[in-house]
Amino acid sequence: MTTDRPVRVLMVCLGNICRSPTAEAVMVGLLEEEGLADRVEVASAGTGSWHVGNPPDERSAAAALRRGISLRGAAQQVRDADFADYDLLVAMDASNHADLLRLAGDDELRGKVVLLRALDPDAVAAGDTDVPDPYYGGPNGFDTVLDVVESGCRGLLAELRARGLV
Ligand code: 4NP
């Protein structure tokens, strides 16, 4: 089944300044490569409110730019209405995943909540399904985020196809 309106995907982390804006931009690039840019809208949000209105973290933006990827947007917090408005809410780590499942009102809405790297068979095989939070770590953490998010987004695209959303 395909829908008339674009499918909507919300990438979710804690602060919405590092991991989820990175995942948003990487997914947009992958969709462009796959000719699906007009079929899927991607946005991002955080479960926390500390950085609402702020641009992406400059360390995340710099790491992404080194790979030719531009981060966009201003941080926003996940809202109750997002569970109805989006087709999939994609958590970056187990903590975000648990928070989203708690915020979702019912089983149907909980069914829209996925963990990004749980969709990446290599990450599942390695037993390592979190996108690690780079905020308080060293500079390499931002490149690690890009590496794991690039694989995770391929898994997410496969999931969109498996759900008949694209
Ligand atoms: P993000 O990283 O969840 O990937 O955006 C963080 C950003 C800010 C904070 C924690 C994580 N913070 O504690 O302010």
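Residue numbers (this note's numbering): 1231 to 1396. Glycine included, each C-beta is placed from N, C-alpha and C at the ideal position. Since the model is a prediction, treat every value here as computed from it, not as a measurement.
In this structure, Arg1249 has its CB closer than 7 Å to one or more heavy atoms of the ligand 4NP.
Remark: the C-beta of Asn1370 is outside contact range of the ligand 4NP, defined as less than 7 Å to any heavy atom. Contact between the region 1264-1274 and the region 1334-1353 is absent: fewer than 3 CB-CB pairs across the two stretches fall below 8 Å.
Put simply, of Asp1317, Ala1356, Gly1357, Val1361 the residue whose alpha carbon is nearest the alpha carbon of Arg1340 is Asp1317.
Scanning its chain for C-beta atoms nearer than 8 Å, with the 5 sequence neighbours on each side dropped, one finds around Ala1292 the residues Phe1372, in chain order. Inter-residue distance for Glu1263 and Leu1331 is about 31 Å (C-alpha atoms, whole angstroms). Contact between the region 1272-1281 and the region 1239-1255 is present: three or more C-beta pairs spanning the two stretches fall below 8 Å. Ile1247 and Gly1394 have their C-alpha atoms some 30 Å from each other. About 11 Å separates the CB atoms of Val1237 and Leu1387; that is not less than 8 Å, and the two are not in contact. Scanning its chain for C-beta atoms nearer than 8 Å, with the 5 sequence neighbours on each side dropped, one finds around Ala1255 the residues Ala1294, Ile1299, Ser1300, Leu1301, Arg1302, in chain order. Here the C-alpha atom of Gly1382 lies approximately 8 Å from the C-alpha atom of Ala1353. For the pair Val1282 and Val1320, the CB atoms are not nearer than the 8 Å cut-off. Contact between Val1375 and Val1361 holds, since their C-beta atoms are separated by about 6 Å, short of 8 Å. Contact annotation: Asp1363 and Asp1329 have beta-carbon atoms that are not nearer than 8 Å. Ala1392 and Arg1384 have their C-alpha atoms some 12 Å from each other. Here Gly1245 carries a coil assignment [DSSP, helix/strand/coil]. The C-beta of Ala1304 has fewer than 16 other C-beta atoms within 10 Å across all chains shown, which makes the residue exposed.
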